[in-house]
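Residue numbers (this note's numbering): 2 to 186.
So this is what it looks like as C-alpha cells:
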C-alpha cells in the first residue's frame, strides 16, 4: 500500500523526496463457489401438451468465501443435455448475497413446460447464470436431469345435441338447445 503526501506537488517544500511511504500487504482472496445442491423434477410426465410441473432447485456455496453481489438461478428445458440456444427458459430467480460458505438454499416453483410431443427432454438448472459472482470454479454451475414426456392430447367429441324438430314462432324466437362434449384423449 502506497501513500503520497502532496501528490500534485502543489505545496512548495524543502524536500519532496520524503513524501511517499509504502507498506506491504498480504491479500488472501477467499472466493465463493456456487453449485447446484438440489434439483428435484419429475422423471416421467404423462399429460396434455404444455403440462404443468413442480420444480425444486437450490444452491450451496462450497467455496471458502461468501458469495457476494447478486446472481440469477435459471431453469431450462431442452431436447438435448447441453445448455445451448435450443434450451427454453422455464424461469429465473434473482439472489442477493452474502451467502456464506457451507450455506445452501432451495425454492419450489410451478412451471408450464413448452412441450407438446412425446419424447425425452432435459431439465437444466444453472446457478449464477450470468456469471455475476466471482467463483473459484465456474464449471460446476450446471445440473442436468432427464425427463420422459408422454403426450396425452385431448380428443374432444360431441356426445349429444338436442334441439326442437320444428319451431313455429314470431321472428327471433327463443329456442332451447342442449349439447354435451366428452374428452376421449
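Cβ coordinates follow ideal geometry from the N, Cα and C atoms, glycine included.
Check the C-beta distance from residue i over to residue j and give it rounded, since I have them as a contact under 8 Å.
{"i": "residue 75", "j": "residue 36", "result": "Going by Cβ atoms, the distance from residue 75 to residue 36 rounds to 15 Å, so no, they are not a contact pair."}
{"i": "residue 123", "j": "residue 79", "result": "5 Å"}
Who are the near neighbours of residue i in its chain, counting only those whose CB is closer than 6 Å to its CB and skipping five residues on each side?
{"i": "residue 55", "result": "111"}
{"i": "residue 31", "result": "65 and 66"}
If you draw a straight line from the alpha carbon of residue i to that of residue j, how long is it in whole angstroms?
{"i": "residue 107", "j": "residue 29", "result": "30 Å"}
{"i": "residue 177", "j": "residue 161", "result": "14 Å"}
{"i": "residue 12", "j": "residue 26", "result": "30 Å"}
{"i": "residue 195", "j": "residue 130", "result": "The structure shown does not extend to residue 195, since the chain spans only 2 to 186, so no value can be given for it."}
{"i": "residue 181", "j": "residue 53", "result": "27 Å"}
{"i": "residue 68", "j": "residue 117", "result": "39 Å"}
{"i": "residue 49", "j": "residue 34", "result": "39 Å"}
{"i": "residue 8", "j": "residue 24", "result": "17 Å"}
{"i": "residue 22", "j": "residue 10", "result": "16 Å"}
Is any non-hydrogen atom of the ligand ZN found closer than 7 Å to the C-beta of residue i, if you look at the structure I gave you?
{"i": "residue 32", "result": "With respect to the ligand ZN, the structure offers nothing, as it holds no ligand at all."}
Excluding the five sequence neighbours on either side, which residues of its own chain have a C-beta within less than 8 Å of the C-beta of residue i, listed in chain order?
{"i": "residue 104", "result": "61 and 62"}
For residue i, which residues of its own chain have a beta-carbon under 7 Å away from its beta-carbon, when the five flanking residues on both sides are left out?
{"i": "residue 174", "result": "168"}
Are the segment 76-84 and the segment 17-28 touching by the rule of at least three beta carbon pairs closer than 8 Å?
no
Could you check whether the segment 162-173 touches the segment 95-107, counting it as contact only if at least three pairs of C-beta atoms, one from each stretch, sit closer than 8 Å?
no
Starting from the N-terminal side, write out each stretch of the alpha helix (DSSP H) that is 4 residues or longer and does not extend beyond the segment 65-149.
none
Ignoring anything shorter than 3 residues, give me the beta strand (DSSP E) runs that lie fully in the segment 14-55, in order along the chain.
21-23, 35-41 and 45-48
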